[in-house]
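Take a look at the structure set out below.
Residue numbers (my numbering): 27 to 153.
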């Protein structure tokens, strides 16, 4: 009986130690990855779901992992790898698609090609 109890305790201790070592290794790896990844939010002008799709597609350049534009607040959230792209490149890509960001004015030729419902500089209300 004592041998079985010792075996169970030894097995439990071994599993506990292996789990903790594994968690420590994962944490170190995640910290290294986090130094390359940045999450930012900035303003992008738009008014509708078509704008949302265009803005998010324009922001998805190489190195960008995830984007979401909030139509109500005009806020774009971007998660990207700093070693693969620069924040200014994301702003420029969105501006080329016809949408003004807080750092870059839109390309006017692209803006004038937007559907009428997306004319955020005019009297169009969010819809």
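The C-beta atom is built at its ideal place from N, Cα and C for all residues, glycine as well.
Asked, Found
"Rounded distance between the beta-carbons of residue 115 and residue 69, thought under 8 Å", "Contact flag wrong, Cβ pair sits at about 17 Å."
"Alpha-carbon to alpha-carbon, residue 73 and residue 102", "13 Å"
"Supposed close pair residue 111, residue 89 - CB separation, criterion 8 Å", "3 Å"
"DSSP beta-bridge partners of residue 64", "106"
"Per DSSP, cross-strand counterpart(s) of residue 127", "70"
"Short Cβ contact (9 Å threshold) for residue 205 with residue 97", "Any property of residue 205 remains undetermined from this structure, which presents the chain solely from 27 to 153."
"Contact check, residue 105 vs residue 92, beta carbons under 9 Å", "yes"
"Alpha carbon of residue 121 to alpha carbon of residue 61, nearest angstrom", "27 Å"
"Status (buried if at least 16 other CB within 10 Å, exposed otherwise) for residue 148", "exposed"
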